[in-house]
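First comes the structure, then the notes that go with it.
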Amino acid sequence: MKSWVDIKVLQCVIMSMAVAVLSVSCGGGVDLDGNNNSDNDGDEITTAAFPNNLAVASPFSLTSTADPSVSATVKYATANAFTPSYKAITDQIGDILSGSAGDCSFDPYDFFQQEENTACFGPSLAYEGHPEAEEGEEDSGVLPIGDLGIWLENEVGSDNACSASELDAKLAGTQALSTATLMAVASMICTANANDIALPDATNPSSVDMLDAMNAMEIANVTFDTASVSYSAASSGYAYEIDMTVVFDGGDKEVHMEMEHVPTADSYVYSGDFFIMINESGYGGNCPDSDVTNNFTVAYEMTSKTSAALQARSAMFCGSDIDGRDANGYVAAGDKYSDENPDGWGNDYNLLTANFDPTTLDGNYSYAWQAGHFDNNTRVFNIIVTDEGTQGTSFYGYGDDIAATDGSIDGFICNWVAPGADHTMLEYVQQQDMSVDLETGLVSAEASFITYAPTTTCEYDGTGAFVFDTNIDDDLSDEDAALVITTDAGTMDLVPGADENGDSEATVEEVIEASGFTLPAM
């Protein structure tokens, strides 16, 4: 059975989103949200070999419609200056699948995109006269980057809400890596079609070697060492495998990629997962040597056009060629580095779980991370997006160790490493209510409850000589004493726990649930 159609027919597919079943209506209106509305006339073109309308992105990440990656048809069809990055990505993947991108190539450098940091979240913070310093202990110093939560309402130099900016920054690597993976698979399908290579399917369960065809594309600085696609009658699914060497940053990077995709008769019902392993050298961090292996897994499931679930996990393992997956095929959170376990993960474990509507991005998102294997708590965002992606509420706090967490927030730790540091969880949480403007590209903070003192109680009553850099300008001489007094009577406005269920116990979990948030699961 041929896996593609005549190229002239494919011109009508330019508007399709990322396509597991690639759908387009040649005689009707443009279906920008991927809903394939019934008022569109024309034939449906399908391929079951790829996950339809799938991407991994922050729900607050926006892409300018002037960006070259946004298709001309979408630019024409939308009146907005910005579009959700999720939709920009799926559209770009669709262009590769359909052949309308002009060729089948993809950007391999997205495999090496790193997470970023914002200035408004977890800044380096100067302080003097800390009230919890013991006798003889230094009471002045600088808190390191990453040990505070949301510190300013907006990102420095921007009107973008800090929660949205930080989530976009932390997920930059996850978004780029998953996009590169999906585009690499789309490239393989596109290359097969361009070369009249029949893909395997249920009528022909076999394996096809795509190595020569992929190398014939001559993507700059890329050599494919393995490239294959197979179909298993036992699993009723497709399996892709790619090994490539990419010249990047002055050296060769080895990328190993696997993907399994199981479609159904319904084009919007499918499941699957993918795995990336990349050897790196030069940064050991918490690992004893400079050779490390980045591991990345994504599990996904679509149950309808408007209902998707995914979970992305990543971590840096100590040593080369380390496959850090557990028995379920996920990056193993409990496989931590130690003297007895020298090839466990040592740096940057990240966990994103989302249950959402791909057509609007409405849904529930949990993002938890742990910087090192020796930490005992995760830093966590719980986020609910509503009103067709235009409204969002974020909660930030701390949770269980990454090996035990379900992605929920248990409370807040205000003094992580300052004098008197105590990691006992308090029943507080930070909250920002936000609105998304596709015309300006801003995610604006409508309300923020984020202010606290870096003490074990989250408060300071102003009776001592304690000052800290509230505006993070690296200058303590301009601090307003009133702003440093962070009590209930002053500026401290963290959201306290509440007894919403009548069990006489006030918790932040109940506050978060009362907002409409439901902890996502995969």
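For what it's worth, our numbering labels the leading residue of the sequence shown as 4, then goes sequentially. All C-beta atoms in this analysis are idealised placements derived from N, C-alpha and C, irrespective of residue type, glycine included.
Residue i, DSSP secondary structure in three states
| i | result |
| --- | --- |
| leucine 151 | coil |
| asparagine 157 | strand |
| proline 111 | helix |
| serine 168 | helix |
| alanine 129 | strand |
| asparagine 218 | helix |
| glutamate 244 | strand |
| valine 420 | coil |
| aspartate 390 | coil |
| alanine 592 | The displayed coordinates of the chain run from 4 to 525. Any statement about residue 592 would go beyond what the structure contains. |
| alanine 517 | helix |
| serine 143 | coil |
| leucine 479 | helix |
| alanine 52 | coil |
| serine 6 | Bear in mind that a pLDDT of 37 at serine 6, under 50, signals an unreliable position, so the number given afterwards is only what the model happens to contain. In the structure shown, serine 6 sits in coil (DSSP, three-state: anything other than H, G, I, E or B). |
| valine 511 | helix |
| aspartate 329 | coil |
| valine 73 | coil |
| aspartate 46 | In this prediction, aspartate 46 has a pLDDT of 29, which is less than 50 and means its spatial position is unreliable; nothing more can be read from the coordinates. |
| alanine 484 | helix |
| alanine 501 | strand |
Residue span of the beta strand (DSSP E) that contains residue i, given as start and end
| i | result |
| --- | --- |
| asparagine 298 | 294-307 |
| isoleucine 281 | 273-284 |
| lysine 256 | 254-266 |
| alanine 450 | 445-452 |
| alanine 407 | Looking at the DSSP string, alanine 407 is not in any beta strand (DSSP E), and its letter there is neither H nor E. |
| threonine 229 | 225-235 |
| threonine 66 | 65-67 |
| glutamine 433 | 431-440 |
Cβ neighbours of residue i in the same chain (closer than 6 Å, five flanking residues each side left out)
| i | result |
| --- | --- |
| tyrosine 463 | Ala456, Phe469 and Thr489 |
| aspartate 329 | Ala335 |
| histidine 259 | Asp246 and Met280 |
| isoleucine 515 | Asn385 and Phe398 |
| leucine 185 | Ile96 |
| glycine 152 | Tyr399 and Gln433 |
| glutamate 512 | none |
| serine 61 | Leu170, Asp171 and Leu174 |
| aspartate 46 | Reliability of the predicted coordinates at aspartate 46 is poor, the pLDDT of 29 falling under 50, and the value obtained from them is presented with this limitation in mind. Closer than 6 Å at the Cβ level, and outside the excluded window around aspartate 46, lies no residue. |
| aspartate 413 | Gly402 and Met428 |
| glutamate 503 | Glu513 and Ala517 |
Bounding residues of the alpha helix (DSSP H) (the contiguous stretch that carries residue i)
| i | result |
| --- | --- |
| alanine 122 | Segment: none, alanine 122 is in no alpha helix (DSSP H) and carries neither H nor E. |
| serine 181 | 175-197 |
Proximal residues to residue i (C-beta, below 7 Å), its chain only, five neighbours per side dropped
| i | result |
| --- | --- |
| serine 235 | Pro208 and Ala242 |
| glycine 132 | Asp142, Ser143, Gly467, Ala468, Phe469 and Val470 |
| glycine 139 | none |
| serine 451 | Glu156 and Gln435 |
| tyrosine 112 | Phe251 |
| aspartate 506 | none |
| threonine 194 | Cys107, Met213, Ala216, Met217 and Met220 |
| phenylalanine 115 | Phe251 and Lys256 |
Residues that residue i bridges to, as DSSP identifies them
| i | result |
| --- | --- |
| valine 59 | DSSP, once it has assigned bridges, lists no residue as partnering valine 59. |
| phenylalanine 320 | Thr296 and Trp348 |
| phenylalanine 469 | Partner(s): none; phenylalanine 469 has no beta bridge. |
| phenylalanine 384 | Tyr370 and Tyr399 |
| threonine 363 | Note: threonine 363 sits in no beta bridge, so no partner. |
| alanine 312 | Glu304 and Asn358 |
| glycine 414 | Tyr401 |
| aspartate 212 | Ser231 |
| threonine 489 | Tyr463 |
| phenylalanine 251 | Gly254 |
| alanine 456 | Answer by DSSP bridge pairing: none, since alanine 456 is not bridged. |
| glycine 375 | Asn350 |
| proline 291 | Answer is none; proline 291 lacks a bridge partner. |
| asparagine 207 | Asp204 |
Other residues of its chain near residue i: CB distance less than 8 Å, five sequence neighbours each side excluded
| i | result |
| --- | --- |
| serine 317 | Gly176, Thr177, Leu180, Asn297, Asn298, Phe299, Thr300, Val334, Asp351, Tyr352 and Asn353 |
| tryptophan 154 | Cys123, Phe124, Gly125, Pro126, Leu128, Cys165, Ile453 and Ile475 |
| aspartate 477 | Ala129 |
| serine 238 | Glu263 and Val265 |
The ligand FAD heavy atom lying under 7 Å from the CB of residue i
| i | result |
| --- | --- |
| serine 438 | Questions concerning the ligand FAD fall outside what the structure shown contains, since it holds no ligand whatsoever. |
Cutoff 8 Å: residue i Cβ touching any chain D Cβ
| i | result |
| --- | --- |
| methionine 262 | The question asks about chain D, but that chain is absent: this structure has only one protein chain. |
Whole runs of the beta strand (DSSP E) within the segment 82-107, excluding any shorter than 3 residues
85-87
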